Every structure is written in C-alpha cells, then in structure tokens.
Amino acid sequence: MVQPASTSPRIDRSAKRPGSGWLTFAGVIALVVLLPIAGLLLEAAKGSSGLWSHLFSTILPAAMADTVILLAGVGLVTAVIGTTTAWLVTAYDFTGRRVLEWALLLPLAVPTYIIAYAYLDILHPIGSVQGAIRWMLGHDSPRQFRLPDIRSMTGCILLLGFVLYPYVYIPTRAMFLTQSANLIDAARTLGVSRRAVFWRVALPLARPAVAVGISLALMETLNDVGAAEFLGVRTMTVSIYTTWITRSDLPGASQIALALLLIVVALVALERWARRRQRYASDARRSPQLVLQRVPAWKGALFLCAGALPVLLGFGAPAAYLVTEAWKRYQFAGLSPRILSEAASTIAIATTATVATVGFGLIVAYAARVRPGAKSSWLLRLSTLGYAAPGTVVAIGVLIVLAGLDRFIDRSATAWLGVSTGLLFIGSGSAVVYALVVRFLAISAGGIEAGLSRIPGSLDQASRTLGQSTSGTFWHVHLPLSKTAISAAALLVFVDCVKELPATLLLRPLNVETFATHLYGEAARGTYEEASLAALAIVAISILPVILLSRVGRGRVAQPATGPAGVLS
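In my numbering, the protein residues as written are 569 to 1137.
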C-alpha cells in the first residue's frame, strides 16, 4: 500500500532572513573601510630591514617627543577652558550668559590651520598688534621690544587649545545640565560653597564627559598638519607628510603612520577607561536639575569676560582679521578667478563625498536596526574605524590601495586592449573622495543610527503585516521619519569635507586646488593676503554646524533662586 504524500509544509532552509541583503552590503562597506589600513600594513612591511632603526634614530624620537608634549599641552588647555566655561554657564546666572552659551561654540568654525595662518600675521613682529604695543611702550623698533615668537611649541599649544576647547565644553556642559541637583543641594546644606561643590561633586561626576571631550580634541590635534607645520612643531603627522612628499619614501611614511595609529589606539583605550563607571551617573529624568545661582553685577561682568576671552581668541580675532584682509584683497584686485574654480572644486569634492558617506551610513545603520546582534554591531564599529585615524594615515592607505588598483587595470587594459588607462582613480579625484568617506563615515552612521533609534519598533511590525519587505519598510517608513537626522549628518559631513586638509592635500589630482589646499600653499609661501578669501569662505561654511549645535541640547535649566537681596552668596 502506497502511503500518501505528506501535506505538512516544508521549511525552506535556503530562504533568506529579513535584512540579509542589508547586512551583506554593510559587510562590503566595512571591507572598503578596512582596505586602506590593510594596505598600510603591507606597504610598511616592504621597508628595508634597516628602515626602522633609521627612523628610530633620526625621525621618531623628536617627532614622538613633540607629539606627546603637544598632546599633553592641548589636553590640559582644552580641559581647563572647556570645564570652566561649561560650569560658568550652567551654575551661575549673569548678564550675557545665554549669549555665551552658544558663542562658546564659535571656535569650532575655525579649522586649526586657519587660526595658525591668521595669528602668524596678526602677531608678526612688524604687524599691527606688536606695533601698537611698542607705540604704547615708547619703542620704535622690533629690536627694542617684541613678543615671544608664536612659532613655538607654546604658541601651538595655546592656539590649538583655544580652537579645540569646544570638544570638552559641549559634553561637559551636557553632563552638568543633567546632573541631579539633590547631590549639590545636600552639599550646600552641609556648608560647602558653590566653588567647593564644583571640585567635590560636579567635576567628579563629569569626569567621563571631560575625558571624551579631551580625547576628541587630541584626535583633532593628531589629524592637524597645517597648524603644526606653520608654527614649527614637528609632530608625527608632519613627519609622515615630509617623509612621503619630500623624501618620496612611502614605506617609511607608512611605518611612521603605524606608530601614530598606536597613539590613537592608546587615546581610544584611555577614553574607554575613563568612561567605565559612567553608568553610576544620576538620571536627570527623575531628579531636579541644578538651580542657577545669581551673582552680583561685578562678579557677573567678571564671569562674562572670562567666558568671552576664549571666544575672542579662538574666533573673534581670526574672523575679524580674515574679513579685513579679504576686503583689502577684494578692493585691490577684485575677485580672483582662482577663487571661483577653487569653490567649484571644493563643492564638487565635498558634495560627492557627502552623498557617498551618507549613503553608506544609511546602509550600515539600517543593517544594525533590522539585523540586531553581534555581527551587525561589529560591522558598524569596523565601518566607523576610519574616524579615529588621522587624515594623513588614511590618505597613505588609500593611495596604496588605489595605486595598486590603477596599476592592475592599466596592465590588464594594455595586455588585452592595447590601451593604457593611466591613473584612473588617483588622477580623477576618486582617491580624495574615498579618503573622505573613510574618515567621516562615523559621523554619518552615528547620526543616522541615533535618528533611527527614535522610531518605535511597532512601526516596523505594522509595515511588515501590511506586506512590505525590509527594503520597502525602509523607503516608506524609516527614510521619511529620519530625514532630519540624515540632513544633520549630511551637513556635518559636508562641512568636515570642506575643512579637511591632510587627505585633500596629499591625494588631490594635479592642478586641482580647493579652499584648504590654496590656503595651505599661500601660507607656506608667506603670502597671507592671497589666501584670506579662501580662509574666510571656509570659516563661513563651517559656521553652519555651529548653528545646528547651538539649537540642539539646550537642556532646561531651573530658574535662579532668589535670596533676601536677590543674590545668593
């Protein structure tokens, strides 16, 4: 007797799980990000057996010492300025405090190489500032009196500190705003002054935020090549540039880049270690917030001046200088045709890189949403690895990968078609775009992931019950609801692409200039007035994310308490 065929449904083991395609594309993107680092390792291994000993005996000791001193100095300056100003605007009520809250963000609009470029002319021995000081002191010549040379380690530390302190100010102020007022009130009832509360309560609770801010500032310091070179400080980043460009020693530059990566890894590990106890911070949603303390008028004026000083030095003076010099240049020779071509090149490169970066960020972030787990989490981390590497390091890795690909395509085309393709990727600007995508994918993926996390999971389930696939849910649900986050991420990426100097300087095609590279070239030649329009354009564009940041995270602060005389002691 023949048994009837079973009618029970079979499980199709070959059917793809929802989101498998997104996870696959995320894996490809992670591989694209990791390729430059792999190329860097391979190129460094090509160095001769005596190359490391030569680097250790000639270049690395001085470069490492200057880098460590610069990092220590910038870390100290940014920590002091960032935490002090954050406490002033969150703990005290004085005239001008609300303006100071957003004005303290303005130095973010001035790239490090621009502030060095500006102050080299502002504080020149025969410049207007030193001339005015000599006039007031009754001196006629720089030989009789001159300020210390800004081209020094001290000058570099101070200038970078006054530009990068907002990286500490932003997270520290957010931490102060979300701290529970109960702890501070308890300290006040025990007779502790507001100043002692800062040292004993507020600052210890904010240490993780301070550590995060300092680590970001130090990574920006490591990425800098223009300011350090202008100011005569030979950091490891500058050594990479000179070893590659001046000495044409790519294996040597790769090995210095690997040493620099070790410093970056150490900084990241230090930041993680500083945040290991952050989970013990209080929850601001369940606790009252800090009450502003009113201060007398004279003390409020003092606080306002203290808070305005870093804004003046980090933004006001350089911006005023750039406006003045740009106006002089315009009156003298009008608008240079080079500026228009540089604007077109800058916008084209930045726009292309922004579109690619945001697209890749969408894929990586959405893969982590639809396929949560260890695999997607690791792919997200690997995709954002490039942000921790300085632009010079990324540029070397990209050059190695794309130059090898160019050679392979050229040999294949010559052998099969009898046509030489030449430098297909390096010569077309694709290398610059590739480096910018690797550098800033973390900004795109992080911002978009944060936007997607605000969309409730119930909408995904409702979309799937209506017959939509994972991709259909993305196009009809997630994409429309996350437009704000995507736009914000695109703005931040675009501005960073415009400001990026090391990768653009090293990988741009021949006869192609952007605002950043034009400024670098003119400053290196000492013709400051020729670069003022380009520098002013960069600063004007860079103000856009500052405006965005000033509108985000303005946590509510409790109204000032009033004492018998309207002032709390």
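All C-beta atoms in this analysis are idealised placements derived from N, C-alpha and C, irrespective of residue type, glycine included. Treat the numbers as computed from the prediction; the structure is a model and nothing was measured.
Residue environment, residue i, which counts as buried when at least 16 other CB atoms sit within 10 Å
| i | result |
| --- | --- |
| SER998 | buried |
| MET704 | exposed |
| CYS724 | buried |
| GLY941 | exposed |
| CYS1065 | buried |
| HIS1044 | exposed |
| ILE994 | buried |
| ARG975 | exposed |
| SER980 | exposed |
| SER1037 | exposed |
| SER988 | exposed |
| VAL1063 | buried |
| ILE1115 | exposed |
| VAL962 | buried |
| ILE694 | exposed |
| VAL806 | buried |
| VAL636 | exposed |
| THR607 | The amino acid at residue 607 is misidentified as Thr; the sequence shows Gly. That one is buried. |
| LEU870 | exposed |
Alpha-carbon spacing of residue i relative to residue j, whole angstroms
| i | j | result |
| --- | --- | --- |
| PHE662 | GLY929 | 42 angstroms |
| ARG1124 | LEU656 | Any reading at ARG1124 needs caution, since the residue's pLDDT is 44, under 50, leaving its predicted position unreliable; the model's value is listed next. Going by the C-alpha atoms only, they are around 16 angstroms apart. |
| LEU1104 | ALA983 | 50 angstroms |
| ARG897 | ALA888 | 14 angstroms |
| ALA1053 | HIS707 | 57 angstroms |
| HIS692 | SER709 | 13 angstroms |
| ALA957 | GLN712 | 46 angstroms |
| SER582 | SER588 | Unreliable positioning characterises SER582 in this predicted model, as indicated by a pLDDT of 41, which lies under 50. The coordinate reading is nonetheless provided below. Going from the Cα of SER582 to the Cα of SER588 covers about 12 angstroms. |
| GLU1017 | TRP866 | 46 angstroms |
| VAL966 | THR626 | 27 angstroms |
| PHE900 | GLU893 | 11 angstroms |
| ARG853 | ALA834 | For ARG853, the predicted model reports a pLDDT of 48, less than 50, meaning its position is unreliable and no value from the coordinates is stated. |
| LEU953 | PRO629 | 27 angstroms |
| LEU1117 | VAL923 | 21 angstroms |
| LEU609 | ALA1030 | 48 angstroms |
| SER1050 | GLY1019 | 6 angstroms |
| THR1032 | GLY1040 | The residue asked about is misnamed: residue 1032 is Arg in this sequence, not Thr. Cα to Cα, the separation comes out at about 9 angstroms. |
| ALA874 | ALA659 | 15 angstroms |
| PHE744 | VAL645 | 19 angstroms |
| THR960 | GLY868 | 44 angstroms |
| ASP1028 | SER944 | 18 angstroms |
| ALA631 | ALA837 | 22 angstroms |
| ARG666 | LEU872 | 10 angstroms |
| SER913 | THR1082 | 6 angstroms |
| GLY800 | VAL648 | 25 angstroms |
| ALA827 | LEU903 | 44 angstroms |
| MET721 | ILE977 | 46 angstroms |
| VAL596 | VAL1061 | 21 angstroms |
Candidates the options, of which the one nearest residue i by Cα
| i | options | result |
| --- | --- | --- |
| LEU1074 | TRP670, ARG949, LEU881 and LEU1004 | LEU1004 |
| SER909 | ALA1084, TRP703 and TYR934 | ALA1084 |
| THR652 | CYS724, GLY607, SER720 and ALA876 | ALA876 |
| PHE1008 | ALA1071, SER720 and ILE627 | ALA1071 |
| VAL1042 | ALA933, LEU786 and ILE1115 | Checking the displayed sequence, the identity of residue 1042 turns out to be Phe instead of Val. PHE1042 has its Cα closest to that of ALA933, out of ALA933, LEU786 and ILE1115. |
| ILE782 | VAL642, PRO679 and PRO864 | VAL642 |
| VAL765 | ILE917, LEU1117, GLN861 and LYS1051 | GLN861 |
| LEU973 | LEU992, VAL962 and VAL697 | LEU992 |
| TYR687 | ASP817, GLY884 and LYS614 | GLY884 |
| ASP634 | ALA684, THR803, LEU948 and LEU603 | THR803 |
| ALA598 | LEU1069, ARG906 and VAL1006 | VAL1006 |
| ILE907 | ARG937, LEU591, LEU1078 and ALA1102 | ALA1102 |
| VAL1107 | ILE637, VAL645 and LEU676 | LEU676 |
| SER822 | LEU1059, ILE605, ALA1058 and ILE637 | ILE605 |
| ALA640 | THR680, ARG741 and MET787 | MET787 |
| ALA1010 | ALA1057, LEU799, ILE977 and LEU1027 | ALA1057 |
| PRO1077 | TYR685, SER996, ILE701 and VAL962 | SER996 |
| SER1055 | TYR809, PRO1113 and ARG1022 | PRO1113 |
| TYR737 | PHE593, VAL600, ARG775 and GLY990 | ARG775 |
| ILE1023 | TRP670, ASP689 and ARG937 | ARG937 |
| ILE964 | TYR809, ARG949, SER1012 and TYR955 | TYR809 |
Item checked: Segments assigned alpha helix (DSSP H), at least 4 residues, entirely inside the segment 990-1037 -> The qualifying runs are 998-1021 and 1025-1033.
Checklist line | Continuous alpha helix (DSSP H) assignments of at least 4 residues falling wholly in the segment 795-826 | finding: Taken in chain order, the whole alpha helix (DSSP H) runs of length 4 or more contained in the segment 795-826 are 804-813.
Checklist line | Inter-stretch contact at 8 angstroms, needing at least 3 Cβ pairs: the segment 725-740 / the segment 782-796 | finding: Yes: the two stretches touch, three or more of their Cβ pairs being nearer than 8 angstroms.
Notebook entry, point to check: Between the segment 802-816 and the segment 769-787, do three or more beta carbon pairs fall short of 8 angstroms?
Noted result: Remark: fewer than three beta-carbon pairs, one from each stretch, lie closer than 8 angstroms, so the segment 802-816 and the segment 769-787 are not flagged as touching.
Check: Counting only runs that start and end within the segment 892-973, where is the beta strand (DSSP E) found for 3 or more residues in a row?
Finding: If only uninterrupted beta strand (DSSP E) runs of at least 3 residues are considered, none is enclosed by the segment 892-973.
Item checked: Contained alpha helix (DSSP H) runs [length at least 4] in the segment 625-659, N- to C-terminal order -> You should have 628-659.
Item checked: Length-filtered (4 minimum) alpha helix (DSSP H) runs lying within the segment 670-756 -> You should have 680-690, 696-705, 721-732 and 734-746.
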